[in-house]
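Q: Note that our numbering gives residue 70 to position 70 of the sequence shown, counting from 1, and the numbers run on in steps of one.
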Amino acid sequence: LGVQAFMCCISNIDNSVVHISMLDEEGNEIGADAKVKPRVVLNGYPLKKAKQEMLHHDRLIIGRAFCFRVVIPQHVEEGKVTDQVTEADNLHSALGEVIQDESPEFDQCCAYVEEMTKRIGHTKGQQFLRRFSKLLPSVEEANEITREVRPRDRLRFSVEVISDIFSYETDEPELVVRVWQGQIGINRLRGVIQRKLMGKKLNFKALLKSVESTAGQDRGDAEEQVLHVWEVHTFLERLRSMRDIYEVIKME
């Protein structure tokens with residue numbers, strides 16, 4: 001999941017200097033400012049430079065399903081690093097350290113946590129941010145699977161925050177996952193006509209173009225409806241099932 005024909009290029013210079021760079025869909029190197037980037041994560045962070053050096057025991061994630069530990073023996077021989085494997089080198093730790101600091105959801109959460117810290121304290125605020133950071137990649141994975149498996153159903157998942165009004169000043173809020181669905185079928189066609197073409201000369205090609213242009217949208221639909229609100233543990237159980245279904249479909 002999330003793996004394209006071209007993702008990244010790794011270059012090795014004299015078995016000592018190893019660089020990684022991102023590639024576009026045609027295999028050309030791209031910079032960190034590219035609008036569309038493959039999911040390549042190094043030590044928890046998306047690549048931030050056009051070409052970035054990797055060190056011994058760095059954690060590299062490609063797409064959603066492949067996690068690697070970089071091994072450069074010469075770095076140990078040169079004394080740059082030790083060869084001791086730490087707890088951070090296992091798969092769960094590598095996935096858990098992923099920071100979605102380039103996503104708008106993460107930016108919004110940071111602003112919310114800054115306000116929340118004034119109420120419940122710095123420690124609880126940072127704990128909440130860590131839980132959010134850990135949940136957000138799973139929600140994005142669920143959206144990616146849904147777009148692959150059920151592209152016409154216009155479903156999307158989002159992280160939401162709920163608070164108890166009776167303990168608002170002292171308790172940290174709870175994270176939940178909300179499931180949305182945009183308009184489909186005749187209702188969607190009717191909505192596009194009302195928004196795009198009412199009062200204009202009806203043009204069938206323009207109508208089709210308007211419908212197609214919204215086919216991949218997964219946020220900001222004014223006509224979306226809430227289907228479910230799940231607690232985090234319920235969502236993670238569903239996500240495990242979604243992964244299994246995705247694997248079965250890809251194998252057929």
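Quick reminder that beta carbons are idealized off the backbone N, C-alpha and C, glycines included.
Considering only residues of the same chain and omitting the five flanking positions on each side of leucine 23, which have a CB-CB separation below 8 Å?
A: Stepping through the sequence shown from its first residue, residue 23 is reached at position 23. These residues qualify, in order along the chain: Phe6, Met7, Cys8, Cys9, Glu29, Ile30 and Pro38.
Q: Tell me whether the stretch 236 to 251 and the stretch 144 to 157 touch, counting them as touching only if at least three CB pairs, one residue from each stretch, are closer than 8 Å.
A: Flag = yes, the stretch 236 to 251 and the stretch 144 to 157 touch.
Q: Please list the terminal residues of the continuous alpha helix (DSSP H) segment that includes isoleucine 275.
A: Residue numbering for the chain in the displayed model covers 1 to 252; residue 275 lies beyond these limits and cannot be assessed.
Q: Is the stretch 107 to 123 touching the stretch 170 to 186, taking contact as three or more C-beta pairs under 8 Å?
A: yes
Q: Secondary structure at proline 253, three-state DSSP: helix, strand or coil?
A: The question about residue 253 has no answer, for the chain in this structure spans 1 to 252.
Q: From glycine 216 to arginine 150, what does the alpha carbon distance come to, in whole angstroms?
A: As a working mapping, residue 216 is identified with position 216 in the sequence shown. As a working mapping, residue 150 is identified with position 150 in the sequence shown. Its pLDDT being 46, under 50, glycine 216 is placed unreliably by the model, and the measurement read from it follows with that caveat. Roughly 11 Å separates the two Cα atoms.
Q: Quick one: what's got a C-beta closer than 7 Å to valine 159's C-beta in the same chain, skipping five residues either side?
A: To locate residue 159, count along the sequence shown from 1; it is residue 159. Answer for valine 159: Glu105, Phe132, Leu135, Leu136, Val139, Leu175 and Val177, listed in chain order.
Q: Alpha carbon to alpha carbon, how far is lysine 48 from valine 70?
A: Your numbering for residue 48 matches position 48 in the sequence shown. Your numbering for residue 70 matches position 70 in the sequence shown. Their Cα atoms are separated by approximately 18 Å.
Q: Hey, quick one: how far does the beta strand (DSSP E) through glutamine 52 stretch, first residue to last?
A: Against the sequence shown, residue 52 aligns to sequence position 52. Unbroken beta strand (DSSP E) run through glutamine 52: 51 to 54.
Q: In this structure, does DSSP put serine 158 in helix, strand or coil?
A: To locate residue 158, count along the sequence shown from 1; it is residue 158. Strand.
Q: So what's aspartate 33 in DSSP terms, helix, strand or just coil?
A: Sequence index remark: in the sequence shown, residue 33 carries index 33 (1-based). Looking at aspartate 33 - three-state DSSP - the assignment turns out to be coil, as it is neither helix nor strand.
Q: What is the DSSP secondary structure of valine 71, reduced to helix, strand or coil?
A: Position 71 of the sequence shown, counted from the first residue, corresponds to residue 71. Coil at valine 71, not helix or strand.
Q: For valine 36 and isoleucine 61, which I take to be in contact (beta-carbon distance under 8 Å), what is that distance rounded to the nearest angstrom?
A: Counted from its first residue, the sequence shown places residue 36 at position 36. Counted from its first residue, the sequence shown places residue 61 at position 61. No, valine 36 and isoleucine 61 are not in contact; Cβ-Cβ is about 18 Å, not under 8 Å.
Q: Select from Arg59, Met242, Gly182 and Leu239 the residue whose C-alpha is nearest the C-alpha of leucine 227.
A: One-based indexing of the sequence shown puts residue 227 at position 227. Per the Cα distances, Gly182.
Q: Of the choices Met54, Leu1 and Arg64, whose alpha-carbon is the least far from that of valine 17?
A: Taking the first residue of the sequence shown as position 1, residue 17 is located at position 17. Closest by alpha carbon: Met54.
Q: For isoleucine 120, which beta-bridge partners are listed by DSSP?
A: Counting from one through the sequence shown, the residue named residue 120 turns up at place 120. Answer is none; isoleucine 120 lacks a bridge partner.
Q: Hey, quick one: how far does the beta strand (DSSP E) through asparagine 12 stretch, first residue to last?
A: Here the question's residue 12 lines up with position 12 in the sequence shown. Per DSSP, asparagine 12 belongs to the beta strand (DSSP E) from 8 to 13.
Q: Given a cut-off of 8 Å on the beta-carbon distance, is the pair glycine 44 and leucine 1 in contact?
A: The residue labelled residue 44 in the question sits at position 44 within the sequence shown. The residue labelled residue 1 in the question sits at position 1 within the sequence shown. No; because the gap between Cβ atoms is not below 8 Å, this pair is not in contact.
Q: Please tell me whether glutamine 74 and asparagine 15 are closer than 8 Å, where the distance is taken between their beta carbons.
A: Here the question's residue 74 lines up with position 74 in the sequence shown. Here the question's residue 15 lines up with position 15 in the sequence shown. Yes. Within cutoff.
Q: Our contact map puts isoleucine 120 next to arginine 154 with C-beta atoms below 8 Å; I'd like the distance itself, whole angstroms only.
A: Stepping through the sequence shown from its first residue, residue 120 is reached at position 120. Stepping through the sequence shown from its first residue, residue 154 is reached at position 154. About 37 Å; that fails the 8 Å criterion.
Q: Taking only three categories from DSSP, how would you classify leucine 47?
A: Indexing the sequence shown from 1 puts residue 47 at position 47. The answer is coil: DSSP assigns leucine 47 none of H, G, I, E or B.
Q: Pick from His57, Ile162, Phe68 and Ala65: whose alpha carbon is nearest that of valine 76?
A: Taking the sequence shown and counting its residues from 1, the one referred to as residue 76 is at position 76. Checked all of His57, Ile162, Phe68 and Ala65; the closest Cα to valine 76 is His57.
Q: Going straight from the alpha carbon of arginine 152 to that of glutamate 252, what length do you get?
A: The count along the sequence shown starts at 1 and reaches residue 152 at position 152. The count along the sequence shown starts at 1 and reaches residue 252 at position 252. The alpha-carbon atoms of arginine 152 and glutamate 252 are separated by roughly 20 Å.
Q: Isoleucine 165: buried (16+ other C-beta within 10 angstroms of its C-beta) or exposed?
A: Locating residue 165 in the sequence shown gives position 165, counting from the first residue. It is exposed - the Cβ of isoleucine 165 has fewer than 16 other Cβ atoms within 10 Å.
Q: What is the DSSP secondary structure of isoleucine 62, counted as helix, strand or coil?
A: What you label residue 62 is simply residue 62 of the sequence shown in a count that begins at 1. Reduced to three states, the DSSP call for isoleucine 62 is strand.
Q: Closer than 8 Å by C-beta to glutamate 78: which residues in its own chain qualify, once you throw out the five before and the five after it? Chain order, please.
A: Locating residue 78 in the sequence shown gives position 78, counting from the first residue. Hits under 8 Å: Ser16.
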